[in-house]
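Peer 1: The structure's right below; bear with me while I get my questions together.
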Amino acid sequence: MLLNFIKVDFRTKVLVEKYTELISAGVKPSEILVLVQNSTLKKQFVDKILENIKIDAIEKLNVHSFFSIVYNTLIENWCFIENAIPSDKHFILPNLVGLEVSQFLLKDILKHVEVKGYNSKKSLLHQIFRRYSLIVQNHLSNEQIQERSKILKESFADDAELIIKKLLSSTLKSRSLDYLRQTLIFNHVYKHTDYFKNIKYLLVDDADEMTPVCFDFISYLKPQLKDWIICFDSLGSSRCGYLSADTSIECKLIHLFNEDVQTDKNIFSQGEIIFSNILENKHERLENFTLTSLSKRAEILDFTIEKIQNLFKKNIPACDITIITPLQDDMLRFTLEENLKHSCNLMFLSGSEKLIDNPLVKASLGILKLMLGIEISEMDLRVILSDYLGIPLKYCCPIFEGYKKTGGFPHISLEFYNEKYQKFIEVCEEVKEKNTKLSTKVFDLFYKLVDFADETKINKFNFFIKQLRDFESVLGAKTVIERADEIITQIENSIIAENPSTTLEIGENDLVIATPQKIIDNKISSKYQFWLDVSHSDWVKTDTGPLYNAWVFQADWTKDEYTVEDDIFLAKQKTARILRKLLLLAQEHVWACSSLFDPSGVENLGGIEDYLAGEANEDDNNAKPVFKITPRDDQKPVLDYKKGSMAISAVPGAGKTTILLALIIKLIERGVIPTNIFVLTYMDSAARNFRERIKNMCPNTTLLPNISTIHGLALKIIKENSNFERLNLSADFDICDDTQRMRIIKGITGKFTKTEADEFDRAISVLKLQEGDISKPSSDKKIEKFKTFFKEYQAQLREANLIDYDDILIMSVKLLENNPDILEYYQNICEYIIEDEAQDSSGVQQRLIGLLSGKHKNLIRCGDINQAITTTFSNADVEGFRRFIAEADTTVEMNHSQRCTQDVMTLANNLVNFGNEILPKAFFTSYMQGVTGKNPVSENAIFSRVFENAFAERNFVLKEIKNILTRNKNATIGILLRNNYQVASWAGFINDAGLKSITRSESLGQKGVFNTIFSILKFIQNPFDNEVLVSTYETLADLGFYKQRLQLEIRASEKPFIEKDGDDIESAALAQFLWDMQYWLNSSTLPLEELVIRIGLFYYTSDIEKSNVYLIAILVKRLNASGKFDLTLQRLEELAKKPTLSGFKFFSEEEDKDAMRGKVQIMTLHKSKGDEFEYVFLPEMAEKNLSIDVSKAKTKASTIFMEEVRAFNPSYKSKSELELREFNSEESLRLLYVAITRAQLKLYITTSAKAKGWGNKETEQEPSVIFGNILL
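Numbers in the working numbering are just positions in the sequence shown, counted from 1, shifted up by 389.
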């Protein structure tokens, strides 16, 4: 009987009843084979059978998952297998091991096999295993593999075949058989023995998740079967793709068993809807389904926790709630644990947990290393003392000092916990001296020393011992000891991803947090589901790579090509099947949550949100946007736009964002599909602003335009539809952020001076975006050194499977130019392209936009040449936008602004005239005009003065700010400066004066959240150094967390202050600080990223602050790849000094405009772009800080070098030294224009005749030329 039934419980009921019926009729259990999906379902099935069977005695039930029957078959037929293996050495039993051993053997093989053109060994190992798995699970012959290689035009096929052959040979030689290798041998056993001859009845559940290799086994059994029930869901196969579930299983079963399928008459309407939403791009409403769109991931977690707590208040048991997300990171774990641990037991199911995260495992590895003479860090020592032995760390200073001297545990007496420490020393020496295996040593240590450990930790510890024993069985105990360092490293990187050693049992108080596949595989049904991060791309991960294609490597692949359309369709099929099965397991309601930005603060690339955005939260009558605007005369041409190219030149405060939003809404109202409108910005903050404003303006629309930075769109093009394969990238490639870049640069700077390395680092971007050719030799030694530097940098990127931010743009352009099918796909969907801040667009960015708009040619570019302020440090091509204005089908000049007073606008216009007189290319001639009755009115809106010295200037600014805030405590005030060091200096000055300030710096070191976390980490690094503790106290007190000026008592302490008892301290505030620091010291054995989150969330509570805590945790996790605490802190300190940090987009308080009022916002002139303040101060306006006078300007050597690098492109026309000075002065003028036009009510421009320089010596300085020209 073939049953196509969607209801899980009903299928199980049918199978259990059939089994009971057969047993009751006298059929032996050995004659019945039951196949289920995994060990958990096996246990559940067996339990139900035993509940139903009334027979007093019964033999062992023949209930298996496919891999368990493979395992048992090999054990019971080993003599047959061993006799068939031609070998001088024979094995009594096989080594049935986990994948870790196979990976270790494969690493050895890769050391001796060069795969030309494939640079990342780590990625290569991953790719080979995926290919190997697909071949095994699809039972592919060598001929079938070769056919598929030809279809894919694989360049590494021969190398992959050689490596897999060597792996098979190696595993067979050592009888080291993981589940894949076991499966290959199983195929031989069942075909050449009569082991399964007694099987007469077959019961199968979840046949839709069956792999081809399993189906082949069932096909073999078919002729001998008397009866069968095969249950499946024809739209199931959620494990299709890499996990190889056979999507054509229904047809194959009908053909094999030659009977019709009995289909459930109940229609699962939710499943039909989700399928059509995904596969037919529909947007039908899902019943009992709520989609909530938020800005930050922290808001997703807060929303989910609040909903769950409300369910608990209604007496809903935890087991009726599941949280489903592919992103199971520390941010999720810690937030849920902190808020829900007292209400329920959190059960995380991910399949990707690191073994080393278990403290028992980590401590055991640390002890083993010491026994084997391998050095460990003090942080690893702390894990042993605190987590393994239970000794509070504040009593461990003598141990740490002794370890530094001897490299081992010192033989000393402790004032406290001495008995426990002495026993540890004694046991370690005893175990070390014994001639036993490593696994035995680990067990002996645990048995004699560990007092208590909870069940979850014990299970993972047992898994760790099993891994050690696997290595010993395969390599031999002696080899394991000889190669202990390598094996320990392998285990430290080990992921617990195989079938669990224990079955899953969910109690009433258990709340499951799992990946989508784990929920489906374990059939975890609940009343309420929470789908988190539905806008994240991990919900739709690709199943392809340079060495494997999970679709073409399926057994039933028949096409002779693989196209972009295939990739899109198959990926959608998989997504549809997964989401449908999730909905099947939801009994009452689903809440889905999306966020605009991922945990790194970077824009999300889509995920599954579009498929869920049916009208879940709105009435059908309100599907269209609700937003009205009355345009000014200079704005009307924008809304009259229908098609073609349009250039919009907009002065500051012209309302360009609002009018562009109005244009987007008008296009949607005309019937343009929102997702075919692409809005591109230069800055992440602008993309955030656009996306949030259009969501607020259109609360009832279900689809939104594609709004992203240009880099975000370029990355999406590379990642979507497996396009990365065309660039010879693997699916798991990553973007090189500043943490990784710093590590790479440090690794190659040994041959270069620090100045050269810093300069060469900056030149990399110039070379890439200029698309220079470095193949031609140069007589310039510095240029040749740079070429060497660049080549090494590129090699390191490839080895680490990384691309950098410049590569994103260049690769996306090359991808489109070299692949007509991909270009056609994106040209079709890019019906309208709107570019904001077009004056900042580089030549490569303009090429990308030109390619995408090539079919429909509907391109709107909006910007202001007079605000082009990134040309000197980026490859912004302001002339490209100038040409576009001249050549566009429609040109619109939005020259009216209601931001500033008339005095400020007049000053800005005078600056344009002045600039055009001395440097004709500096400005685009467009003058700001007011809007009748709309502009603010203020008398004497411009104040300018040259003070005698910097002290007088600062005191004046401070006095004015205090007067402003006295008149209006909610005023907005900005201090705008040329350089980052000035920002830091003025922030200190304003804070010391008792005013509240906010720095808009991108520098990590100027963020309070970072300084809080970093100061505590520095203390944790040296907890017994009172001066370090004082520094931490001062930092935290300055940030307002502890009472000021209590650090003298810490300094005065003769012994380490951290060892004191808080009850003995007179000051309650200082005692509280001590207790907190002791808590952080004892928490220092946690994984570092979790420790960072705990520290951050202890001191900060707002959404923005919490989001930044999570960002810092991600940053730390990436820096801490080596696990070396001291090195990580050193790298953090270096990053804190950088003016910006790529790859991490921190959230700022300025996103909450109300929070800005009454505070002094301090930032660079560059950072102020796009903002406005009622009062603007421009201090320190000396000529040396903002060079406008070309005759007095100086050109840096680094500027000349960058120009030489640009000249690597033969079509580039190099600038002379004079032209470079003019170019810099042009941008300085525009920078001043931007600064002036930030002011709404009043503008202060000041400087001093004297300023302090090196050695704190006061010297004369020249005021900016504007004081004698436009400020009269």
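Even glycine gets a Cβ: it sits at the ideal position worked out from N, Cα and C.
Just to confirm, are glutamate 688 and serine 1074 a CB contact at a threshold of 8 Å?
Peer 2: no
Peer 1: Thinking just about the alpha-carbon of each residue, which of Ala1051, Ile1018 and Thr1046 is nearest to the one in tyrosine 1030?
Peer 2: Ala1051
Peer 1: Within 10 angstroms of its Cβ, does aspartate 874 collect 16 or more other Cβ (buried), or is it exposed?
Peer 2: exposed
Peer 1: Spatial neighbours of isoleucine 1439 within its chain, please: C-beta separation below 7 Å, excluding the five flanking residues on both sides.
Peer 2: Asn1415, Leu1418, Val1419, Tyr1422 and Phe1446
Peer 1: Alpha carbons only, please: which of Thr933, Leu971 and Thr947 is nearest the one belonging to serine 915?
Peer 2: Serine 915 has its Cα closest to that of Leu971, out of Thr933, Leu971 and Thr947.
Peer 1: For serine 1038, does the three-state DSSP call read helix, strand or coil?
Peer 2: Taken through DSSP and simplified to helix, strand or coil, serine 1038 comes out as strand.
Peer 1: Taking phenylalanine 1668 as the reference, which of Lys1143, Ile1197, Leu592 and Asp1452 has the closest Cα?
Peer 2: Outside the modelled stretch of the chain, which goes from 390 to 1661, sits residue 1668, for which no answer is possible.
Peer 1: Would you call asparagine 1011 buried or exposed, if buried means 16 or more other Cβ atoms sit within 10 Å of its Cβ?
Peer 2: Low confidence applies here, because asparagine 1011 scores a pLDDT of 43, under 50, leaving its location unreliable; read the following figure in that light. Result: exposed.
Peer 1: Where does methionine 1552 sit, in a helix, a strand or coil, going by DSSP?
Peer 2: strand
Peer 1: Give the DSSP bridge partners of serine 1386, in chain order.
Peer 2: Val1549
Peer 1: Please report the distance separating the alpha-carbon of threonine 409 from that of phenylalanine 606.
Peer 2: 24 Å
Peer 1: Please name the residue in Phe1273, Gly630, Asn848 and Leu774 whose C-alpha comes closest to that of glycine 1033.
Peer 2: Phe1273
Peer 1: I'd like to know if the region 952-959 and the region 977-992 are in contact, where contact means that at least 3 CB-CB pairs between them fall below 8 Å.
Peer 2: no
Peer 1: Between glycine 1060 and isoleucine 395, what straight-line distance do the alpha-carbon atoms span, to the nearest angstrom?
Peer 2: 38 Å
Peer 1: Evaluate contact between the region 1239-1259 and the region 993-1000, counting only Cβ atoms and requiring at least three cross-stretch pairs below 8 Å.
Peer 2: no
Peer 1: Could you say which of Glu1226, Asp691, Met1131 and Pro1020 lies nearest to alanine 1039 if we only look at CA atoms?
Peer 2: Glu1226
Peer 1: What are the complete alpha helix (DSSP H) segments, minimum 4 residues, inside the region 884-965?
Peer 2: For the alpha helix (DSSP H) assignment, the uninterrupted runs of no fewer than 4 residues enclosed by the region 884-965 are, from N- to C-terminal side, 905-910.
Peer 1: Let me check one thing: in DSSP terms, what residues is glutamate 992 bridge-paired to?
Peer 2: Phe986
Peer 1: Cβ of threonine 462 within 8 Å of Cβ of tyrosine 590?
Peer 2: no
Peer 1: I think aspartate 1492 touches histidine 1285, with their Cβ atoms under 8 Å apart; what is that distance to the nearest whole Å?
Peer 2: With a Cβ gap of about 36 Å, aspartate 1492 and histidine 1285 do not count as contacting.
Peer 1: Assign lysine 402 to one of two classes, buried (16 or more other C-beta atoms within 10 Å of its C-beta) or exposed (fewer than that).
Peer 2: exposed
Peer 1: Got a sec? Which residues, its chain only, sit under 7 Å from glutamate 1649 by beta carbon, not counting five neighbours each side?
Peer 2: Ala1638 and Lys1639
Peer 1: How long is the line joining the alpha carbons of threonine 429 and leucine 529, rounded to whole angstroms?
Peer 2: It is roughly 29 Å from the alpha-carbon of threonine 429 to the alpha-carbon of leucine 529.
Peer 1: In the DSSP assignment, find the unbroken alpha helix (DSSP H) run with isoleucine 1066 in it and report its ends.
Peer 2: Not the alpha helix (DSSP H): isoleucine 1066 falls in the beta strand (DSSP E), residues 1066-1070.
Peer 1: From this set, Ile447, Val1565 and Glu543, which residue's C-alpha is nearest tyrosine 1622's C-alpha?
Peer 2: Val1565
Peer 1: Nearest-angstrom Cα distance between isoleucine 524 and threonine 600?
Peer 2: 11 Å
Peer 1: According to DSSP, which residues form a beta bridge with glutamate 1282?
Peer 2: Ser1038
Peer 1: DSSP puts serine 454 in a beta bridge; with which residues?
Peer 2: Val425
Peer 1: Against chain D, with Cβ distances strictly below 8 Å, would isoleucine 876 count as a contact?
Peer 2: You won't find chain D in this structure, because it holds only one protein chain.
Peer 1: Looking at the structure shown, is serine 1097 part of a helix, part of a strand, or coil, going by DSSP?
Peer 2: In the structure shown, serine 1097 falls within a strand segment according to DSSP collapsed to helix, strand and coil.
Peer 1: Using a Cβ distance threshold of 8 Å, determine whether the region 826-846 contacts the region 747-760, with at least three qualifying pairs required.
Peer 2: yes
Peer 1: What is the DSSP secondary structure of aspartate 1225, counted as helix, strand or coil?
Peer 2: coil
Peer 1: What's the C-alpha gap between serine 1404 and threonine 1424?
Peer 2: 7 Å
Peer 1: Determine the burial state of lysine 1668: buried for a count of at least 16 other Cβ atoms within 10 Å of its Cβ, exposed for fewer.
Peer 2: Because the chain spans 390 through 1661 in this model, residue 1668 falls outside it and cannot be assessed.
Peer 1: Pairing CB atoms from the region 1291-1299 with CB atoms from the region 1593-1603, are three or more of them under 8 Å?
Peer 2: no
Peer 1: How many whole angstroms separate the CB atoms of isoleucine 713 and phenylalanine 919, which I take to be in contact at a CB cut-off of 8 Å?
Peer 2: 7 Å
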